[in-house]
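Structure record follows, encoded as structure tokens.
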Ligand code: TLP
């Protein structure tokens, strides 16, 4: 039985075109800056995001960490969301490895941070307080439901941050999903921001990697931090080749995943006892819960779904996250809906 894996878009395997590009990739030692394929990927990502330079890293986590460490020194403070990936799911790296203090603000339903909250959180120049150096945003916002923020918000938030001498970093792991949902160029979403991490290994299907983009000077700093973190890779062109296919050929199709997420949500809404938020999912994520009429935990339900070949993410005692991606087709969506129907009937 073929598995329908809705746990995350990180489970995506490389496409045949990626595997062919990987096999043929020209490579060199990237620590010497001599891997032509890595260089090409970095230039491509930077140009798609309207930034001067890019840096290939093994993961989104390292991309965000390298960005925070390049922007901040020990004892500096970063403002971020209390539901942000960097705060919740990056093993506390900014504090443990960078000595960077964090100020967590409540994420709004669309994943943004309220401008008045940001304003109030920026510290005064006072020796009792850590200097506020950086604002971190996330778009799309994972734990807020795959929601997105429009370019106008980036402009307002960055305007406020810059007026107080802060830099702005975006965790844009799924930035191209936000761009697809908004029908805008990714570059327009990040134009006022100082740095951005995009992931190649989520909905874009590359097996490994993220690119951090920003000014030449900033990327120079981040390059040193990447080496310090052990992220200097050698013949990484093998991986970057798949990343180039991801950026050139996979970005344009993300809308299909969003349409399937809507279909999935519509189908699940018909299953009695399941609780979905009103309105369509914003991008490729569907969050749902078990209503009081269903006498089982999310783990028990997930086990029943797995027996039927459907894998889902459990994100709470009675809550799930389902993520659509390239390897989930229309039949997969239907199978997931009917498997839920069978499992919750008991
Ligand atoms: N997110 C993963 C898990 O870690 C939760 C997922 O399944 O969604 N930023 C955002 C917004 C992310 O969602 C993720 C991965 C990352 C950064 C980290 O990327 P990697 O896994 O490449 O370190």
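In the working numbering, the protein residues as written are 195 to 540. Beta carbons are placed, not taken as given, at the ideal position from N, Cα and C, and that holds for glycine.
Could you have a look at residue i and say whether DSSP puts it in helix, strand or coil?
| i | result |
| --- | --- |
| residue 224 | helix |
| residue 411 | helix |
| residue 542 | Residue 542 lies beyond the residue range present for the chain, which begins at 195 and ends at 540; the question has no answer from this structure. |
| residue 397 | coil |
| residue 512 | coil |
| residue 365 | strand |
| residue 388 | coil |
| residue 427 | coil |
| residue 209 | coil |
| residue 313 | helix |
| residue 198 | strand |
| residue 438 | helix |
| residue 318 | coil |
| residue 535 | helix |
| residue 326 | strand |
| residue 271 | strand |
| residue 282 | helix |
| residue 247 | strand |
| residue 405 | strand |
| residue 335 | strand |
| residue 477 | coil |
| residue 471 | coil |
| residue 504 | strand |
| residue 491 | coil |
| residue 465 | coil |
| residue 544 | Outside the shown range of the chain, which is 195 to 540, sits residue 544, and nothing can be said about it. |
| residue 522 | coil |
| residue 485 | coil |
How many angstroms separate the CA atom of residue i from the CA atom of residue j?
| i | j | result |
| --- | --- | --- |
| residue 367 | residue 480 | 17 Å |
| residue 329 | residue 391 | 14 Å |
| residue 260 | residue 389 | 11 Å |
| residue 353 | residue 308 | 13 Å |
| residue 431 | residue 536 | 46 Å |
| residue 419 | residue 462 | 45 Å |
| residue 266 | residue 287 | 13 Å |
| residue 429 | residue 213 | 16 Å |
| residue 370 | residue 434 | 18 Å |
| residue 412 | residue 198 | 41 Å |
| residue 208 | residue 324 | 44 Å |
| residue 258 | residue 338 | 19 Å |
| residue 195 | residue 302 | 41 Å |
| residue 467 | residue 365 | 35 Å |
| residue 268 | residue 292 | 6 Å |
| residue 387 | residue 355 | 10 Å |
| residue 456 | residue 422 | 43 Å |
| residue 513 | residue 488 | 12 Å |
| residue 393 | residue 227 | 21 Å |
| residue 320 | residue 298 | 20 Å |
| residue 400 | residue 294 | 31 Å |
| residue 336 | residue 540 | 30 Å |
| residue 230 | residue 492 | 47 Å |
| residue 380 | residue 274 | 21 Å |
| residue 332 | residue 357 | 20 Å |
| residue 316 | residue 384 | 22 Å |
| residue 427 | residue 460 | 44 Å |
Assuming residue i contacts residue j (C-beta within less than 8 Å), just tell me the rounded distance between them.
| i | j | result |
| --- | --- | --- |
| residue 482 | residue 469 | 6 Å |
| residue 484 | residue 527 | Between residue 527 and residue 484 the Cβ distance is about 20 Å, and since that is not below 8 Å, they are no contact. |
| residue 200 | residue 506 | 5 Å |
| residue 407 | residue 238 | Not really, about 10 Å apart at Cβ, beyond 8 Å. |
| residue 405 | residue 249 | 7 Å |
| residue 187 | residue 270 | With the chain represented from 195 up to 540, any question about residue 187 goes unanswered, as that position is not in the structure. |
| residue 264 | residue 415 | 4 Å |
| residue 403 | residue 437 | 5 Å |
| residue 375 | residue 345 | About 12 Å separates the two Cβ atoms, so there is no contact after all. |
| residue 280 | residue 477 | Not quite, the Cβ-Cβ distance comes to about 19 Å (not below 8 Å), so this is no contact. |
| residue 311 | residue 341 | So it is not a contact: roughly 17 Å between Cβ atoms. |
| residue 262 | residue 363 | 7 Å |
| residue 159 | residue 296 | Limits of the chain in this structure are 195 at one end and 540 at the other, which puts residue 159 out of reach. |
Near residue i, what residues of its chain come up, given a Cβ to Cβ distance below 6 Å and the 5 sequence neighbours on each side ignored?
| i | result |
| --- | --- |
| residue 519 | 203, 206, 397, 451 |
| residue 306 | 343, 347 |
| residue 247 | 240, 410, 413 |
| residue 502 | 533 |
| residue 496 | 506, 508 |
| residue 454 | 518, 527 |
Can you give me the Cβ contacts of residue i inside the same chain, cut-off strictly under 8 Å, excluding the 5 residues immediately before and after it?
| i | result |
| --- | --- |
| residue 465 | 531, 534, 535, 538 |
| residue 425 | 251, 252, 256, 260 |
| residue 361 | 265, 327, 328, 329, 355, 388, 389 |
Quick one: residues in its chain with C-beta nearer than 7 Å to the C-beta of residue i, no 5 flanking neighbours on either side, listed in chain order?
| i | result |
| --- | --- |
| residue 232 | 224, 250, 430, 431, 434 |
For residue i, decide whether its Cβ has a neighbour in chain B, counting only Cβ atoms nearer than 8 Å.
| i | result |
| --- | --- |
| residue 358 | Absent from the structure is chain B; it holds one protein chain and no more. |
Discussion item. I need the residues with a C-beta less than 5 Å from some heavy atom of the ligand TLP; please give them in chain order.
Written reply: 202, 204, 253, 254, 255, 279, 283, 336, 365, 367
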